[in-house]
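**Student:**
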Amino acid sequence: MKLRTSAGAVALVLAAAMTLTACADDGSTAGESASPSPSSSSAAATDVPEPTKEDVAALESVQVSGKAGEEPTLKYDTPFEVSAPTSRVVDEGTGTELTEGMQVTMQHVAYDAEATKVGSTWEQGAPTSFVLGDASYGILTEPLTGQKVGARLLVANPVTGQDGTTSTSVNLVEVTDAKTVPTRAEGEAVEPAAGLPTVTLDDTGKPSIEIPEGYEAPKELVAQTLIKGDGPKVKETQTVTAQYTGWTLDGEQFDSSWDRGAPSSFSLQQVIAGWTQGLAGQTVGSQVLLVIPADLAYGAEKSADNELAGQDLVFVVDILAAQ
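Residues -24 to -1, 1 to 299 in mature numbering (1 follows the signal peptide of the UniProt record, and there is no 0) are what the sequence shown lists, from first letter to last.
1) On the premise that S63 lies in contact with L148, defined as a C-beta separation below 8 Å, what is that separation, rounded to the nearest angstrom?
2) Hey, L266 and L197: beta-carbon distance below 9 Å or not?
3) Please report the distance separating the alpha-carbon of G71 from that of W234.
4) From the DSSP output, in three-state form, read off G163 for me.
5) Among P134, P269, Q79 and A111, which residue has its Cα nearest to the Cα of A298?
6) Provide the residue span of the beta strand (DSSP E) that contains V267, from first to last.
7) In chain order, what residues of the same chain have a beta carbon less than 6 Å from the beta carbon of K182, not counting five sequence neighbours either side?
8) Please name the residue in A60, E46, Y52 and E57 whose C-alpha comes closest to that of W98.
9) Pick helix, strand or coil for S233, following the three-state DSSP scheme.
10) Measuring CB atoms only, is the region 211 to 220 touching the region 228 to 242, in the sense that at least three cross pairs come out at less than 8 Å?
11) Check whether the region 81 to 94 touches the region 134 to 150, counting contact only when three or more Cβ pairs, one atom from each stretch, lie closer than 8 Å.
12) Count the other CB atoms within 10 Å of the CB of P55; is the residue buried (16 or more) or exposed (fewer)?
13) Give the list of continuous beta strand (DSSP E) stretches no shorter than 3 residues that lie fully inside the region 151 to 214.
14) Determine the DSSP secondary structure at Q258, reduced to helix, strand or coil.
15) Take G190 as the anchor and find which of A33, L120 and L225 has the nearest alpha-carbon.
16) Please name the residue or residues paired with S105 in a DSSP beta bridge.
17) Starting from T117, follow the alpha helix (DSSP H) in both directions and report where the run begins and ends.
18) Compute the Euclidean distance between the alpha carbons of T92 and Y52, then round it to the nearest angstrom.
19) Excluding the five sequence neighbours on either side, which residues of its own chain have a C-beta within less than 6 Å of the C-beta of P25, listed in chain order?
20) I'd like the list of long-range same chain contacts for G286, defined as Cβ closer than 6 Å, with 5 residues on each side in sequence excluded.
21) With contact counted as at least three CB pairs below 8 Å, one residue from each stretch, are the region 94 to 111 and the region 164 to 175 in contact?
22) T81 and T117 - do their beta-carbons sit closer together than 9 Å?
23) Buried or exposed: where does A280 fall if 16 or more other Cβ atoms within 10 Å of its Cβ makes it buried?
24) Short check: CB of G257 to CB of V210, under 9 Å?
25) Exposed or buried, what is G122 when buried is set at 16 or more other beta-carbons lying within 10 Å of its beta-carbon?
26) Where does L244 fall in DSSP's three states?
27) Taking the straight line between their C-alpha atoms, what separation do you get for F106 and I185?
28) DSSP state of D88, grouped into three classes?
29) Rounded to a whole number of angstroms, what is the C-alpha to C-alpha distance between P168 and L108?
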């Protein structure tokens, strides 16, 4: 993952505390997203263990001070530990009801097992947005579904680090907004330049691709608009919600939000350079074909640490929202 700002580093800490990939036994690294743009990890695990009575009691003992709308302080006995993801509603919301597929915006603060704060969106200066149901934030899907905007929840999760040790993260989540986003790009079709990979959409909007015989990767980024949306232009500092599929230049698919069943949200400050450069300036609602040289993806040199390093990549991205 290419982090470029301190705000991005804070977001990573908080995402690591929330994501199921952090405790999945699939070889993923704690904090990796399911999106191949920030990382090349696989989708998060779906088998989530149930909390025990001891887990529930432990979370009930956490004290939350501070009023809604402001960063709270969490206090609890240490070392704090739960055996499975555990949640508790601190305050009920009164706004829009949350359903899977909605873009949810939240403020949240994360503490470690020793009751030390490790990250806060209040301090970061910007809330986090994600699609409810996105595997990267899968630990929030069940506790937030059916809640309303304004709700505050405690979420505790055992997180396995890169060194193999497990420690519990305790988080206070406050939902500040929620809205329905389109499921696919919507707008005016654009005739692509000749010679590019050919994109075909199925009835749902999911793309497939055909690489022309003898196609050579460009030395510079190609960002070809296929559908021109009528929304605002995306800025490189924004968080976007998107459906996407990625292929290597031989036409081999390596990841797809379509296959995971939900769009993904990510900051354009935390993705590979080809995404940042290719999506900034596009309009919300657009579909964009990206052909990304290796040096703007995971690096021009091959690496045993990342199978996509040294490879030119192709993406089709539907920009559903940006904020």
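Ideal Cβ positions, reconstructed from N, Cα and C, are used throughout, including at glycine.
Since the model is a prediction, treat every value here as computed from it, not as a measurement.
**Tutor:** On the basis of the coordinates in this document:
1) Reading the sequence shown from its first residue, position 172 is the one you call residue 148. Reading the sequence shown from its first residue, position 87 is the one you call residue 63. Incorrect: roughly 11 Å between the Cβ atoms, too far for contact.
2) Taking the sequence shown and counting its residues from 1, one reaches residue 266 at position 290. Taking the sequence shown and counting its residues from 1, one reaches residue 197 at position 221. In this structure, L197 lies closer than 9 Å to L266 by Cβ.
3) Here residue 71 refers to the residue found at position 95 when the sequence shown is read from its first residue. Here residue 234 refers to the residue found at position 258 when the sequence shown is read from its first residue. Between G71 and W234, the C-alpha separation is close to 29 Å.
4) As a working note, residue 163 is residue 187 in the sequence shown. G163: coil per DSSP, three-state reduction.
5) Here residue 298 corresponds to residue number 322 of the sequence shown, with the count starting at 1. Checked all of P134, P269, Q79 and A111; the closest Cα to A298 is Q79.
6) Translated into positions along the sequence shown, residue 267 becomes position 291. Note, V267: beta strand (DSSP E), Q263 to I268.
7) Translated into the one-based positions of the sequence shown, residue 182 becomes position 206. Shown here for K182: same chain residues with a beta carbon closer than 6 Å to its own, the five before and five after excluded, namely W234 in chain order.
8) On the sequence shown, residue 98 is found 122 positions in, with the first residue counted as 1. The shortest Cα separation from W98 among A60, E46, Y52 and E57 belongs to E46.
9) Position 257 of the sequence shown, counted from the first residue, corresponds to residue 233. DSSP places S233 in helix when its eight states are reduced to three.
10) yes
11) Taking 8 Å as the limit for Cβ pairs, the verdict is that the region 134 to 150 does touch the region 81 to 94.
12) As a first step, residue 55 is located in the sequence shown; it is residue number 79 there, counting from the start. The residue is exposed, with fewer than 16 neighbouring Cβ atoms inside 10 Å.
13) 174 to 177, 183 to 186 and 198 to 204
14) Counting from one through the sequence shown, the residue named residue 258 turns up at place 282. Three-state result, Q258: coil.
15) Here residue 190 is taken as the residue at index 214 of the sequence shown, counted from 1. The shortest C-alpha separation from G190 is found at L225.
16) Here residue 105 refers to the residue found at position 129 when the sequence shown is read from its first residue. S105 is bridged to T81.
17) For the purposes of this step, residue 117 is taken as residue 141 along the sequence shown, with counting starting at 1. Secondary structure note for T117: its alpha helix (DSSP H) is the uninterrupted segment T117 to L120.
18) Looking up residue 92 in the sequence shown gives position 116. Looking up residue 52 in the sequence shown gives position 76. One alpha carbon belongs to T92, the other to Y52, and they sit about 10 Å apart.
19) Indexing the sequence shown from 1 puts residue 25 at position 49. A60.
20) Start at 1 with the first residue of the sequence shown, and residue 286 comes out as number 310. Only A270, E277 and K278 meet the Cβ criterion.
21) no
22) Taking the sequence shown and counting its residues from 1, one reaches residue 117 at position 141. Taking the sequence shown and counting its residues from 1, one reaches residue 81 at position 105. Cβ distance not < 9 Å, so T117 and T81 don't count as in contact.
23) Start at 1 with the first residue of the sequence shown, and residue 280 comes out as number 304. Exposed, since its Cβ has fewer than 16 Cβ neighbours within 10 Å.
24) On the sequence shown, position 281 is the one that residue 257 refers to. On the sequence shown, position 234 is the one that residue 210 refers to. Their beta carbons are under 9 Å apart, which means G257 touches V210 by this criterion.
25) Position 146 of the sequence shown holds residue 122. G122 comes out exposed.
26) Translated into the one-based positions of the sequence shown, residue 244 becomes position 268. Three-state result, L244: coil.
27) Indexing the sequence shown from 1 puts residue 106 at position 130. Indexing the sequence shown from 1 puts residue 185 at position 209. If you take the alpha carbons of F106 and I185, they lie about 27 Å apart.
28) Here residue 88 refers to the residue found at position 112 when the sequence shown is read from its first residue. Three-state DSSP puts D88 in coil, outside helix and strand.
29) Within the sequence shown, numbered from 1, the residue matching residue 168 stands at position 192. Within the sequence shown, numbered from 1, the residue matching residue 108 stands at position 132. For P168 and L108, the distance between alpha carbons rounds to 33 Å.
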